[in-house]
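One point on numbering: in this note's numbering, the residue at position 33 of the sequence shown is 39, and numbering is uninterrupted.
The C-beta atom is built at its ideal place from N, Cα and C for all residues, glycine as well.
The structure presented is a predicted model; accordingly, all values stated were derived computationally and were not measured.
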Amino acid sequence: MDRIPLAEPLLAGNEERYLLECLSTNFVSSVGPFVPTFEQAFARSVGSRYAVACASGTASLHIAIRLAGAKRGTLVAVPTLTFIASASAACYTAAEVLLVDSEPDTWNMDGARLYDELHARARRGQRLPKIVEIVQLLGHPADMEPILAAASEFDIVIVEDAAEALGASWTRGSLAGRQVGTAGCFGCFSFNGNKIITAGGGGMIVTDDVSLADHARHLTTHARLPGPEYVHDEIGYNYRLTNVAAALGLAQLEQLSVFLDRKRAIAGRYREGLMGGGVEFGPSAAWAAPSFWLSTVLFDDAETRATVMSRLHNCGIDARPIWRPLHLQDPFRGAERIGGEVAEGIFARALALPSSVGLSTTQQDRVINEIVETVRL
Ligand SMILES: *Cc1c(COP(=O)(O)O)cnc(C)c1O
7 MDRIPLAEPL LAGNEERYLL ECLSTNFVSS VGPFVPTFEQ AFARSVGSRY AVACASGTAS
67 LHIAIRLAGA KRGTLVAVPT LTFIASASAA CYTAAEVLLV DSEPDTWNMD GARLYDELHA
127 RARRGQRLPK IVEIVQLLGH PADMEPILAA ASEFDIVIVE DAAEALGASW TRGSLAGRQV
187 GTAGCFGCFS FNGNKIITAG GGGMIVTDDV SLADHARHLT THARLPGPEY VHDEIGYNYR
247 LTNVAAALGL AQLEQLSVFL DRKRAIAGRY REGLMGGGVE FGPSAAWAAP SFWLSTVLFD
307 DAETRATVMS RLHNCGIDAR PIWRPLHLQD PFRGAERIGG EVAEGIFARA LALPSSVGLS
367 TTQQDRVINE IVETVRL
């Protein structure tokens, strides 16, 4: 039987045509018309004023966090349950991270707990984070209300790691109608091969502030000033997206609403097929429209999860645990943290299921049947 991957790209739109255009015009590197076209289309799609294309999602986070003011000794609050790139990007600036536990409803950073901790730290005269990096985990928007309140009370800059959540939005509350990536000062996205849209690899920063957008773009190109003489006014990076990648990204962006419909339909079919019987579907809050980047379920315990995973692997179905919380990883063992038990519980029981936009219903039913049969044994 055919292998069913976790999340593979679907390249059925204008990808080939745009790529051939790059070849025939000779614009294959970091100069070329697809880069600004992709940026403008992306900003429009997300509902942001400006977008700056980067070589990766991690690069976009690094630049956003640097421009948010991170430097040696700065404390950046990051959820402990996330892909390591969220925290690595902060560390590239020599900042330190404050790892925050998840809240059980959305698995995102527990904003209410962070809010209380900030007040306690302020009373004790302890160091406060200057930046909160909120991750929209697995495509589910975080509850931003306590984080927005904390940001305004303590003068904190919000950076969104929306790498997994392109197209997700809030439907109620002060951000109703807004898409992820637009709640803070910067929103960062990834176009890695397994994300909602891909550019082969790449990332994007969105912001409503023109001077921050200009500065971000400047930093992606070694902070080189215009003119022939290679004059640089600060240390930048080689982080610009190539025209070839932007061509691919633009073609994928044109299909975003179809991809989101598919992701949501896949999540709905898993929920229906797996309901009850020891399987709990991942977060879906009434106040959010998640992207369901990876449909993820919770089993009763780690043992059941392991049994299901090995059964799925034996029949060629790729299913994976989500990330080991950062406080359990060597580089972050000494980091400051708030809790971590909720994240550990989710980590122990969660399994991400095949969620490619090209997943057929026959394939999906195979996954569902294998799980149901294993759990019922
Ligand atoms: C994928 C991802 C990133 C990094 O994106 P790259 O494009 O792979 O560098 C960062 N944060 C999260 C939460 C991600 O899932």
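List the whole-angstrom C-beta distance separating residue i from residue j, where the pair is believed to meet the contact cut-off of C-beta under 8 Å.
i	j	result
D107	G346	5 Å
A356	P327	6 Å
Y208	F197	A quick correction: the sequence has Gly, not Tyr, at residue 208. About 4 Å separates the two Cβ atoms, so the contact holds.
T99	I140	No, T99 and I140 are not in contact; Cβ-Cβ is about 17 Å, not under 8 Å.
V212	A49	6 Å
A169	F195	6 Å
I374	L304	In fact, because the Cβ distance is near 16 Å, the residues do not count as touching under 8 Å.
E14	S362	5 Å
I164	A189	6 Å
L12	A358	7 Å
A128	A101	About 20 Å separates the two Cβ atoms, so there is no contact after all.
S301	I272	6 Å
H221	L73	6 Å
I10	P360	5 Å
Among the residues of its own chain, which have a CB less than 6 Å from the CB of residue i, if the five just before and after it don't count?
i	result
E21	L254 and A257
H146	T112, P289 and P296
R55	D214
E342	L104
E278	none
For residue i, I'd like the list of residues in its chain whose CB is within less than 8 Å of its CB, leaving aside the five on either flank, ordered along the chain.
i	result
V34	C28, T248, N249 and V250
A148	T112, N114, M115, G117, I140, V141 and Q142
W329	L87, T88, F89, I90 and F353
R382	G283
A229	H238, D239, E240, I241 and G242
T43	A252 and L256
D306	G284 and R355
Starting from the Cα of residue i, find the closest Cα among the options and give me that residue.
i	options	result
G53	V216, T177, T313 and R184	R184
L262	W299, F338, S217 and A222	W299
A171	A292, Q142, F40 and H228	Q142
P152	I137, R119 and R133	R119
I69	A219, K201, M281 and R9	A219
R270	G284, V285, S290 and M281	S290
S246	R23, A47, T64 and Y276	A small fix is needed here, since residue 246 is Arg in this sequence, not Ser. If we check each option's Cα against that of R246, T64 comes out closest.
R268	G364, N244 and P234	G364
L181	P85, A101, W293 and R277	W293
Q370	G38, R178, Q335 and A325	A325
F338	G19, V82 and L144	V82
P39	L259, L73, L334 and A252	A252
S51	E379, M210 and T226	M210
T204	L259, L225 and P232	L259
S66	T227, D306 and A308	T227
S62	T367, N244 and D307	N244
T367	G351, G274, Q335 and E379	G274
L16	Y276, L266 and V285	L266
D167	G179, K201, F160 and R223	K201
P110	F160, S158, R277 and E286	E286
R133	V186, H224, G79 and T177	G79
G131	A47, A312, D336 and F160	F160
V186	Y121, H224, L144 and G206	L144
R311	R372, T380 and Q335	T380
Y276	R223, R372, D336 and L334	R372
A18	Y236, V264, Y121 and D8	V264
Could you please give the first and the last residue of the uninterrupted alpha helix (DSSP H) stretch that includes residue i?
i	result
C28	E21 to T31
R277	L262 to L280
V37	Here V37 belongs to no alpha helix (DSSP H), and DSSP marks it neither H nor E.
P85	Careful: P85 lies outside any alpha helix (DSSP H), inside the beta strand (DSSP E) at L81 to P85.
C1	Lying before the first or after the last residue shown, residue 1 is absent from the chain, which here runs from 7 to 383.
I352	E347 to R355
M115	Unbroken run through M115: none, as it is neither H nor E.
E151	E151 to F160
G255	N249 to L259
I377	T367 to R382
Note down, in chain order, each residue of its chain lying with its Cβ closer than 7 Å to the Cβ of residue i, except the 5 sequence neighbours on either side.
i	result
I162	P135, K136, I137, V138 and A156
E376	R317, L318, C321 and I323
E45	A57, V58 and A59
A93	V84, V103, L332 and F338
V41	A59, L247, N249 and A252
G179	E151 and W293
Need the endpoints of the beta strand (DSSP E) that residue i sits in, please.
i	result
D167	V163 to D167
S196	F192 to S196
V303	T302 to F305
Y56	Y56 to C60
F287	V285 to F287
V138	I137 to V141
R343	E342 to I344
G183	Here G183 belongs to no beta strand (DSSP E), and DSSP marks it neither H nor E.
L73	Careful: L73 lies outside any beta strand (DSSP E), inside the alpha helix (DSSP H) at G63 to L73.
L105	E102 to V106
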